[in-house]
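In our numbering, the protein residues as written are 7 to 435.
Ideal Cβ placement from N, Cα and C applies to all residues, glycine included.
From a predicted model like this one, the values you see are computed outputs, not experimental measurements.
Step one of this worksheet: look at the structure below.
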Amino acid sequence: MAIGQETGQIDSLHLLSNQYDALLEQTDHMSPLALYGKAKVLERLAELEKANSVLERAIHFYREVLFLGPAVPDGLYRLAGEHCSKLLQFRGWPSKAIRVQQMLVTRLDNDPQPRRQLGVLYLTVGKNQEAEIVFDELLQKYPGDKYAMAHLGFIVKSRALDKNDMAGVERAVDLMQAGIDGVPQEGLFYFHLGDGLRRLGRSAEADGVYQKAVDNKIFPSFWQRSLYNVDGLKAQPVWTLKDTGIGSELEKLKRNWKVIREEALSVLSSGGFAAETENLRDSGKWAQFDLFVRGRKLDDHCALAPVTCSLIETIPLVSTNKRGQVKFSVMYAGTHVHAHTGPTNCRLRAHLGLKVPRSNSTEAAQSSTRLRVADKYLTWAEGEVFVFDDSFDHEVWHDNVQKEERVILIFDLWHPELDTEQKMTLPAI
Ligand code: OGA
Ligand code: MN
């Protein structure tokens with residue numbers, strides 16, 4: 007919209023707002039329609055003026071509608087509640103949005119929609135147990151509700167994986183399979199249904215799910231299943247150092263690998279690493295020590311690895327990467343990391359080998375300590391870097407019989423095809 011047009015609109019909205027004030031006074035603030043109208047005008051104004059104070063006033067008036075209770079017709083009650091809840095979330099107040107959503111559930115008891123939204127809200131604030139209760143209730147009232155089934159499956163799966171409960175994973179998969187058509191274009195459910203099937207050893211079915219998602223343009227490709235993507239970025243599982251655009255910086259890092267290794271091993275021996283918590287492992291031991299997260303340097307951790315961090319800071323493509331991390335990673339013999347996929351195609355992931363157990367000749371043939379990305383296999387060497395795209399399906403093994411741990415530096419760089427504007431504005435992951 008042209009600037010002049012926008013100013014004109016703001017002026018007339020202010021006029022309208024004043025008229026609503028008069029109406030509100032006449033009706034003693036008891037007319038649901040007048041309150042709703044005032045709220046809508048303020049909502050639009052808040053959008054145009056980008057003002058939180060106006061947004062908060064809009065929330066206030068929507069809430070007034072709800073507090074009139076039975077005097078408000080169902081349809082208007084729903085509209086006011088939905089707008090109010092949406093604005094509260096936008097304002098960053100999800101707990102308040104939950105309370106409004108609960109009012110909608112109570113009032114519109116014979117409609118599945120408010121319960122669905124309440125369940126999702128609980129999930130977004132990490133209250134999975136509460137969400138589960140809501141979706142359970144939904145299914146009791148509406149046994150065929152696919153939306154509830156898919157979401158319940160998602161919740162059951164994450165709990166089952168926490169407890170290594172394969173029967174739970176099976177139930178979760180059944181629920182997601184039954185519900186997935188009720189949540190169209192939701193990549194998350196395809197992602198977790200496929201993953202659940204794979205964990206159960208049902209890979210052919212998992213492949214079918216992934217293929218269907220690709221056909222529906224939910225994933226970029228069968229192997230690349232990230233959900234936060236920028237369209238059109240070059241996509242290949244393995245990258246040469248040169249193609250990253252920071253080949254010479256990577257060479258410099260390689261030249262300093264021994265200092266980096268000293269720092270990693272010293273943090274490791276002081277017990278600084280934290281065990282992996284994403285349920286990606288089915289055996290063994292794997293731990294990490296973060297240095298940069300979402301483009302922010304962790305000062306207390308970097309104090310223990312000062313050279314590594316200052317080297318990373320000379321590579322802005324890595325140190326400012328809001329969609330990535332820099333971390334030491336240790337993997338002990340006997341570890342298998344399930345096939346998994348990173349969240350975004352906006353980064354490339356580099357591994358610098360710091361301590362890599364030597365393989366004997368038979369093992370070397372099988373490369374027993376290895377990473378698979380799509381259909382390519384990579385293996386580490388001390389002082390060497392490889393770069394892959396972790397939005398592609400990848401899997402890791404460390405089953406070297408010499409039983410020494412493998413230590414590497416993992417660092418994510420922005421995809422070289424992103425422009426400055428995109429790097430500044432893309433939300434962090
Ligand atoms: C990864 C990965 C970690 C490791 O880097 O994305 O899954 O320590 N592997 O090998
Ligand atoms: Mn990974």
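Using a Cβ-based criterion (distance less than 7 Å to any ligand heavy atom), does residue i qualify as near the ligand MN?
i	result
residue 405	no
residue 396	yes
residue 348	yes
Would you kindly report the start and end of the unbroken beta strand (DSSP E) that includes residue i?
i	result
residue 242	Looking at the DSSP string, residue 242 is not in any beta strand (DSSP E), and its letter there is neither H nor E.
residue 288	287-289
residue 230	First-last for residue 230: undefined, no H or E at that position.
residue 346	341-346
residue 293	292-299
residue 67	Segment 58-73 is the alpha helix (DSSP H) holding residue 67; no beta strand (DSSP E) there.
Does at least one heavy atom of the ligand OGA sit under 7 Å from the Cβ of residue i?
i	result
residue 400	yes
residue 374	no
residue 391	no
residue 420	no
residue 289	no
residue 245	no
residue 229	no
residue 343	yes
residue 355	yes
residue 335	yes
residue 377	yes
residue 99	no
residue 263	no
What span of residues does the alpha helix (DSSP H) with residue i cover, start to end?
i	result
residue 355	Careful: residue 355 lies outside any alpha helix (DSSP H), inside the beta strand (DSSP E) at 353-361.
residue 314	312-319
residue 263	263-275
residue 427	426-431
residue 247	Note, residue 247: premise wrong, no alpha helix (DSSP H); not H, not E.
residue 153	152-168
residue 139	134-147
residue 46	38-55
With C-beta atoms as the reference, is residue i less than 8 Å away from residue j?
i	j	result
residue 288	residue 344	yes
residue 55	residue 89	no
residue 156	residue 188	yes
residue 350	residue 235	yes
residue 82	residue 120	no
residue 182	residue 159	yes
residue 413	residue 334	yes
residue 167	residue 154	no
residue 376	residue 403	yes
residue 299	residue 318	no
residue 219	residue 193	yes
residue 357	residue 386	yes
residue 429	residue 388	no
residue 432	residue 352	yes
residue 16	residue 51	yes
residue 200	residue 216	yes
residue 329	residue 396	no
residue 284	residue 338	no
residue 250	residue 415	no
residue 202	residue 163	yes
residue 64	residue 45	yes
residue 304	residue 296	yes
residue 212	residue 204	yes
residue 230	residue 398	yes
Which whole-angstrom value is the C-beta distance of residue i and residue j, which I expect to be below 8 Å?
i	j	result
residue 405	residue 340	6 Å
residue 58	residue 97	7 Å
residue 127	residue 100	6 Å
residue 124	residue 107	4 Å
residue 93	residue 61	6 Å
residue 47	residue 26	6 Å
residue 86	residue 42	6 Å
residue 417	residue 336	Contact flag wrong, Cβ pair sits at about 15 Å.
Cβ-heavy atom distance between residue i and the ligand FAD below 7 Å?
i	result
residue 416	Because the ligand FAD does not appear in the structure shown, any question about it cannot be addressed here, the ligands present being the ligand OGA and the ligand MN.
Are the C-beta of residue i and some C-beta of chain B separated by less than 8 Å?
i	result
residue 434	Within the model displayed, chain B is absent; a lone protein chain is all it includes.
*Touching by the beta-carbon criterion (3+ pairs, under 8 Å), the segment 377-387 and the segment 218-226*: no
*Do the segment 67-82 and the segment 26-45 meet, that is, are 3 or more Cβ pairs less than 8 Å apart?*
Touching, yes, given that three or more Cβ pairs across the two stretches are closer than 8 Å.
*Is the segment 267-277 close to the segment 318-331, with three or more CB pairs under 8 Å?*
no
*Would you say the segment 244-263 touches the segment 406-423, given that touching needs at least three Cβ pairs under 8 Å?*
yes
*Is it a yes or a no for the segment 276-293 touching the segment 252-265, going by three-plus beta-carbon pairs under 8 Å?*
no
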